[in-house]
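**Q** Sharing a structure, written as structure tokens. Questions coming.
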Amino acid sequence: MKKNRKNSEHYLWGENCHGWHLVKGSELSVIEELMPSNTKETRHYHSKSQQLFYVLKGEATFEIENEVLKVPSREGIHIQPNLVHQIRNEGGTDLEFLVISQPTTRGDRTNVNNPE
Numbered sequence: 117m118k119k120n121r122k123n124s125e126h127y128l129w130g131e132n133c134h135g136w137h138l139v140k141g142s143e144l145s146v147i148e149e150l151m152p153s154n155t156k157e158t159r160h161y162h163s164k165s166q167q168l169f170y171v172l173k174g175e176a177t178f179e180i181e182n183e184v185l186k187v188p189s190r191e192g193i194h195i196q197p198n199l200v201h202q203i204r205n206e207g208g209t210d211l212e213f214l215v216i217s218q219p220t221t222r223g224d225r226t227n228v229n230n231p232e
């Protein structure tokens, strides 16, 4: 079956951010996400899930274990379990990316307080 935003389950998260479940399984999750400029997710980690974030449009700023990395379009970053991470859109345009998780992150997320 072809998958796209129009035929996939949509959800809202964070500060007017959007997600579309392209694959929603217990062993594999593939989500297309859109983050407007100047938005971010809560710092967190996953105990079991590894993730690949692949930027389609824009530039993502990642904080992983207190290291800040910029990831431009057509590049990605692989995050292993138990690494505290956060994605931010510090640019002036929408950020669009895929997040692929194995296994799914449902029920496997621990939020971490932001450092002062």
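Read left to right, the sequence shown gives residues 117 to 232 (our numbering). Heads up, the beta-carbon is just placed ideally off N, CA and C, and yes, glycines get one too. These numbers were taken from a predicted model, which means no experiment stands behind them.
Would a C-beta distance cut-off of 9 Å place residue 193 and residue 187 closer than the cut-off?
**A** yes
**Q** Quick one: which unbroken beta strand (DSSP E) runs of 3-plus residues sit fully inside the region 174 to 198? Chain order, please.
**A** 175 to 180, 183 to 188 and 192 to 195
**Q** Look at residue 155 and residue 227 and say whether their C-beta atoms are less than 9 Å apart.
**A** no
**Q** Starting from residue 131, follow the beta strand (DSSP E) in both directions and report where the run begins and ends.
**A** Looking at the DSSP string, residue 131 is not in any beta strand (DSSP E), and its letter there is neither H nor E.
**Q** Per DSSP, what kind of secondary structure is residue 119 in: helix, strand or coil?
**A** coil
**Q** Would the beta-carbon of residue 158 fall within 9 Å of that of residue 130?
**A** yes
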